[in-house]
Amino acid sequence: LTSSPKSSGLSIIHIAAEMAPVAKVGGLGDVVTGLCKALQKRGHLVEIVLPKYDCMQYDRIHNLRALDVVLESYFDGKLYKNKIWVGTVEGLPVYFIEPQHPEKFFWRGQFYGEHDDFRRFSFFSRAALELLLQSGKKPDIIHCHDWQTAFVAPLYWDIYTPKGLNSARICFTCHNFEYQGTAPGSELASCGLDVHQMNRPDRMQDNSALDRVNPVKGAVVFSNIVTTVSPTYAQEVRTAEGGKGLHSTLSFHSKKFVGILNGIDTDAWNPATDTFLKVQYNVNDLQGKIENKIALRKFLGLSNADVKQPMVGCITRLVPQKGVHLIRHAIYRTLELGGQFVLLGSSPVAHIQREFEGIANHFINHDDIRLILKYDESLSHSIFAASDIFIIPSIFEPCGLTQMIAMRYGSIPVARKTGGLNDSVFDVDDDTVPLQFQNGFTFLTPDEHGVNSALDRAFNYYRNNTEVWQQLVQKDMNMDFSWELSATQYEELYLNSVARARADNPDT
Ligand code: ADP
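Take the sequence shown: its letters are residues 17 to 524, numbered as in this note's numbering.
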């Protein structure tokens, strides 16, 4: 196996289930790549471990090759062989683990949503640590993400530290507490964790179902650093309402728990260089933005009669969290207000997908409304560029990336004040917010009236004062949503944790 080159920075290993653009379902993929690139830029040695999914975008992996080794890892009382691949994604070194397990864990044509996800990802978490042990790596930080790789934290301390993989501090980031990956306690044994030791209230036992284990809770308990993806969400999840059953655990561990607002990858999301766009543009050349609007209308068969007719965009997973009923309402409200609406989204929930298919069919030849119900990266870029207004009416939103991407493309957000939206979108009519931060339209109550109160104001601003609107567009495009600041905060957490460990154990 390859060993780590010397570096004056920290050695940081991310173990994750997603990484944009090769394996992306939502924001997690963006965050892993964006944060890792920013940390690498700051001089750290950053490596990533991913499953080798059959459905990855292989054309975005450079120099992919299999290593001439077989990695054996434990599962269900046996050792299973894994093939290890290495490649470069967005300039970052990535290890891909391909289990030679008869259940073909990552050969399913999709990333998640399989009946045995708990098995698939507990297998992967264990194999990833085995890879680090056998390759002789001495990472300073092992950073795992969401429930799929939350197993890393208890596995590291219970099984791998005694085996000699003991140089690291563990950081766990929860991107969404809605997904905790709970399962019957007995399932934990497969990856080698001791069910009786782990299924305790102060460890991995689920707070509401005592016969179940909760990987996210386990990672909160067993990690040195626990983060989530915005300061407001970090507060919300410590309340009974927002914590999805984990509020007491998070409050108990609040000293090591912090919310850091995600950034966006400003190379990947840059209207001045974006090759998905019909025309590139920048803050000093907004004609290019108009040309993208005209091009998208043509592409989708929407009316091009009035270039000034405002276009509202929405790009999202269609799940209850995103306020699907409010998105539906916003489509009809936009129609009443005389605008155009373009929705790009898909749903893992059958009845929601069906409902939106119904709406899509209803408007199939409509001049002003188009619903595209699939995942389409290229089209997402075109919609960010073409739209004037971008709507995110979430019921809760740990961070949210689309509001930041929209602003970078000059599309003004209409957002509900919750989670990371509350930390990144500030109302133009809120006098308590300094002028330089006012960048969008917000509402608090997640109902139709709330949506109207913000969307109607956005339309009024757009229609009645072209100059003020243009200044707002330029202000938003100039806002700094890069990873620079957030990566510095992660770096500080890492360094403090490493320093504390060294102070406690001067010999390591
Ligand atoms: P979440 O992680 O909850 O899905 P985020 O706002 O944090 O939400 O991140 C969503 C990311 O996924 C954004 O980059 C967005 O552009 C992208 N995305 C969501 N749905 C689609 C889709 N149907 N097609 C293309 N990209 C999508």
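We treat Cβ as the ideally placed atom computed from N, Cα and C, and that holds for glycine. Here the structure is a predicted model, which is why all the values come from computation and not from measurement.
*the ligand ADP heavy atoms versus the CB of D392: any closer than 7 Å?*
yes
*In chain order, which alpha helix (DSSP H) runs of at least 4 residues are fully inside the stretch 363-400?*
366-378
*Using the C-alpha atoms, what's the distance from Q150 back to L83?*
13 Å
*Use the C-beta contact count for D210: other C-beta atoms within 10 angstroms, 16 or more gives buried, fewer gives exposed.*
exposed
*With S513 as the anchor, note down where its alpha helix (DSSP H) starts and where it stops.*
E500 to D520
_Buried versus exposed call for G129 [16 or more other C-beta atoms within 10 Å across all chains shown]_ = exposed
_8 Å contact criterion, which G258 and F412 should meet: CB distance rounded_ = 7 Å
*Use the C-beta contact count for Y348: other C-beta atoms within 10 angstroms, 16 or more gives buried, fewer gives exposed.*
exposed
*Could you tell me which of T418, G42, I31 and Q56 sits nearest to T504, measuring between CA atoms?*
Q56
*According to DSSP, is P21 helix, strand or coil?*
Annotation note: pLDDT 47 at P21 (below 50); position unreliable, coordinate value reported separately. Coil.
_Quick check: the Cα distance between P200 and N298, rounded to an integer number of angstroms?_
53 Å
*With DSSP collapsed to three states, give me the class of A33.*
coil
_Bounding residues of the beta strand (DSSP E) (the contiguous stretch that carries W276)_ = The sequence as given places Ile at residue 276; Trp does not occur at that position. First-last for I276: undefined, no H or E at that position.
*Would you say C415 touches the ligand ADP, meaning its beta carbon is less than 7 Å from a heavy atom?*
yes
*Classify F188 as buried or exposed, calling it buried when 16 or more other Cβ atoms lie within 10 Å of its own Cβ.*
buried
*So, using beta-carbon positions, are G279 and S502 closer together than 8 Å?*
yes
*Can you name the residues that DSSP bridges to I64?*
H30 and V110
*From G45, A143 and I157, pick the residue whose C-alpha is nearest to that of E13; which is it?*
A query on residue 13 cannot be resolved here, the shown segment of the chain reaching from 17 to 524 and no further.
*asked:* At the level of alpha carbons, what is the spacing between R136 and R124?
replied: 11 Å
*What separation, rounded to the nearest whole angstrom, lies between the Cα atoms of S27 and V236?*
22 Å
_Distance cut-off 7 Å: I331 Cβ against heavy atoms of the ligand ADP_ = yes
*For T16, is the classification buried or exposed, using 16 other Cβ atoms within 10 angstroms of its Cβ as the cut-off for buried?*
The requested residue 16 is not part of the displayed model; the chain covers only 17 to 524.
*In angstroms with no decimal places, state the Cα-to-Cα distance between V467 and L460.*
9 Å
*Taking three-plus beta-carbon pairs below 8 Å as touching, is the stretch 71-91 in contact with the stretch 99-119?*
yes
*Would you mind reading off the limits of the beta strand (DSSP E) that contains I407?*
I405 to I408
*Would you mind giving the Cβ-Cβ distance between Y195 and I186, rounded to the nearest angstrom? I have them listed as a contact below 8 Å.*
With 8 Å as the limit, Y195 and I186 do not qualify as a contact, their Cβ atoms being about 20 Å apart.
_What residue range does the alpha helix (DSSP H) around K97 cover?_
First-last for K97: K94 to V105, but that is the beta strand (DSSP E), not the alpha helix (DSSP H).
_Beta-carbon within less than 6 Å of F357's beta-carbon, same chain only, minus the 5 sequence neighbours each way: which residues are those?_
V328, I347, T350 and I385
*Provide the residue span of the alpha helix (DSSP H) that contains P170, from first to last.*
V168 to L171
*Cα-Cα separation between I331 and V449, rounded to whole angstroms*: 27 Å
_Would E34 and F134 qualify as a contact pair, given that the criterion is a beta-carbon distance under 8 Å?_
no
*Apply the 10 Å Cβ neighbour rule to P170 and answer buried if 16 or more other Cβ atoms are within range, or exposed otherwise.*
buried
*Taking the alpha-carbon positions, what's the R479 to D404 distance?*
11 Å
*Which runs of the beta strand (DSSP E) spanning at least 3 residues fall entirely within the stretch 437-464, listed in chain order?*
457-459
*Could you round the C-beta distance between H345 and E252 to whole angstroms and report it? I think they count as a contact, below 8 Å.*
That belief does not hold up - the Cβ atoms of H345 and E252 are roughly 24 Å apart, past 8 Å.
*Given a cut-off of 8 Å, decide if L511 and I399 are closer than it, judged by their beta-carbon atoms.*
no
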